[in-house]
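Residue numbers for the sequence shown, in mature numbering (1 follows the signal peptide of the UniProt record, and there is no 0): -42 to -1, 1 to 327.
A quick write-up on the structure given underneath.
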Amino acid sequence: MRSFMPNFRRPNTHRQGLSRRFVAAAVAAASLSLVLASCSSALPSTDAAAVDSGAELTPLSLQLGWLIDDGIAGEAVALSKGWYEDAGIDLEIKAGGPSLDGVALVSSGASDIGQLSSSPSLMLARSQGIPVQAFAAGLQKHPYTFFSLEDNAVTEPRDLIGKTVGVQATGQVLLQAVLAANDIDPSDVTVQVVGSEITPLTTGAVDVWTGWATTASIARTLGEVDKDYFEMALWDAGVQLYPRVYYATESTLADKPETLATYLEVTSRGWEYAYANLDEAAAAVAALAPGLDTEIIAEGITIAHAYEADGSGTRVNWGTMDPDVWANQLDTWESLGLFPNAVPALDDVINTTILDDTKTTRVKISDEL
């Protein structure tokens, strides 16, 4: 029998095509109170003057699957400090959103690489014949979580039986996967489609609410409720997916291995710095999307840090992917009949060449703060 270890918590009583110079200037403006010049780090800061003016930079565009947020803090830091330029890359970050199909933009060549919120999107795209492959994962565990209050606490999957579960439309398949993985009859669970706010849980409209634990506003809202609350992670409930998946077409992976290797190396440094310098990292993200709350961004980065490993505390190279995790995902989605066409092979879905080539050069990050 699987051992579940849910988290228990007690409440407390856009802009696209952003250049390095624009970001650096914006970060400086957003961070005056931080006195950035006094911050120390093992990673040397690089500015435009340090880059050989005669050197030719390799353009690389990153298409996000969603809006700019704390999920690209590593890139934001590295971009603001000029580390990509210093490594010979002219990185352009393109914001996504609900009306943009990032996979289509990457597969058409409009962008070089992309980032997806969850791995199933990549598997489904491949099933539809789109020649994209994952080459890195931004976190090691998916932060999708089932939240509940003490009156109807859910600490393991079978606690879902008899409960009303609030889930966003795009998350229904994840609930379906959890029920199947734990032999729970779907008819024993009431599903209610909800929005992005956790209010239905706090008002009692649902017994369980689902969402990303890295969304800092969730913890803030639950902290205002005079009840204990519980978290059951999707990963611990038997459905292990990768979040923040980086992907590219097969041709890009074949034609630009050195550029992508450098990108991963620099980005790993950015994330290491972001976790150690939250205020500066939050300012860098806010510079990419003015109007964002830097406190919320910093909280999101802090929460995400716990998902940098599988929970064992083992230090792993940033971006690591386990082929076995991907194989299990494919098996789960096949068992649920979720592939519209042929079931893709593992080697069609992932490409670990870039990870293998950078195994000793990508920064190792612990999931412990």
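Even glycine gets a Cβ: it sits at the ideal position worked out from N, Cα and C.
Kindly indicate which residue of the options has the alpha-carbon position closest to the one of residue i.
i: P144; options: L118, V151, T160; result: L118
i: T316; options: V274, E292, M81; result: V274
i: P89; options: L97, S66, A111, S75; result: S66
i: Q98; options: A247, T318, P281; result: P281
i: Q198; options: M279, D146, A247; result: M279
i: N309; options: M190, Y42, G124, A212; result: A212
i: V321; options: L80, G96, D44, S77; result: G96
i: Q150; options: A171, A127, N140; result: A127
i: Y231; options: G23, D27, W41, I26; result: W41
i: T311; options: T210, N235, V61; result: T210
i: S38; options: L288, W229, I261; result: W229
i: E257; options: A234, L246, A267; result: A234
i: S75; options: T113, A303, D314, V203; result: V203
i: A171; options: T160, Y205, I259, R116; result: I259
i: A206; options: A34, A92, A303; result: A92
i: A285; options: G162, D306, D194; result: D306
i: L18; options: I26, P115, L288, E43; result: E43
DSSP three-state label for residue i, please.
i: W284; result: helix
i: A92; result: strand
i: A36; result: helix
i: I47; result: strand
i: S75; result: strand
i: T122; result: strand
i: E114; result: coil
i: V243; result: helix
i: P17; result: strand
i: L80; result: helix
i: L192; result: coil
i: P144; result: helix
i: T318; result: coil
i: A267; result: coil
i: Y42; result: helix
i: A206; result: strand
i: I26; result: coil
i: N299; result: coil
List the endpoints of the continuous beta strand (DSSP E) containing residue i.
i: D306; result: Run containing D306: none in the beta strand (DSSP E); it sits in the alpha helix (DSSP H), 304 to 307.
i: A13; result: First-last for A13: undefined, no H or E at that position.
i: S106; result: 102 to 107
i: T172; result: Run containing T172: none; DSSP gives neither H nor E here.
i: P56; result: Per DSSP, P56 belongs to no beta strand (DSSP E) and is neither H nor E.
With a 10 Å radius around its C-beta and 16 neighbouring C-beta atoms as the bar for buried, classify residue i as buried or exposed.
i: L49; result: buried
i: T272; result: exposed
i: E14; result: exposed
i: P248; result: exposed
i: S293; result: exposed
i: T319; result: exposed
Determine the extent of the alpha helix (DSSP H) in which residue i is found, giving its start and end residues.
i: E155; result: Premise fails: E155 is in no alpha helix (DSSP H) and is neither H nor E.
i: P215; result: 215 to 234
i: T278; result: That residue, T278, is in no alpha helix (DSSP H); it is neither H nor E in DSSP.
i: L133; result: 130 to 139
i: S65; result: 60 to 65
The ligand GDP heavy atoms versus the CB of residue i: any closer than 7 Å?
i: Q126; result: Questions concerning the ligand GDP fall outside what the structure shown contains, since it holds no ligand whatsoever.
Are the C-beta of residue i and some C-beta of chain D separated by less than 8 Å?
i: H100; result: Reference to chain D is not applicable here, since this structure consists of a single protein chain.
For the 8 Å Cβ check, are there 3 or more pairs between the region 48 to 68 and the region 91 to 107?
Segments in contact, no.
Stretch-stretch touch, CB-based, cutoff 8 Å, three pairs: the region 207 to 227 with the region 118 to 137:
Counting Cβ pairs under 8 Å, fewer than three are found: no touch.
Do three or more CB pairs link the region 289 to 299 to the region 74 to 93 at distances below 8 Å?
In short, these stretches touch, since the Cβ pair count reaches three.
Quick check: the region 281 to 290 against the region 244 to 256, are there 3 or more CB pairs under 8 Å?
The region 281 to 290 is not in contact with the region 244 to 256.
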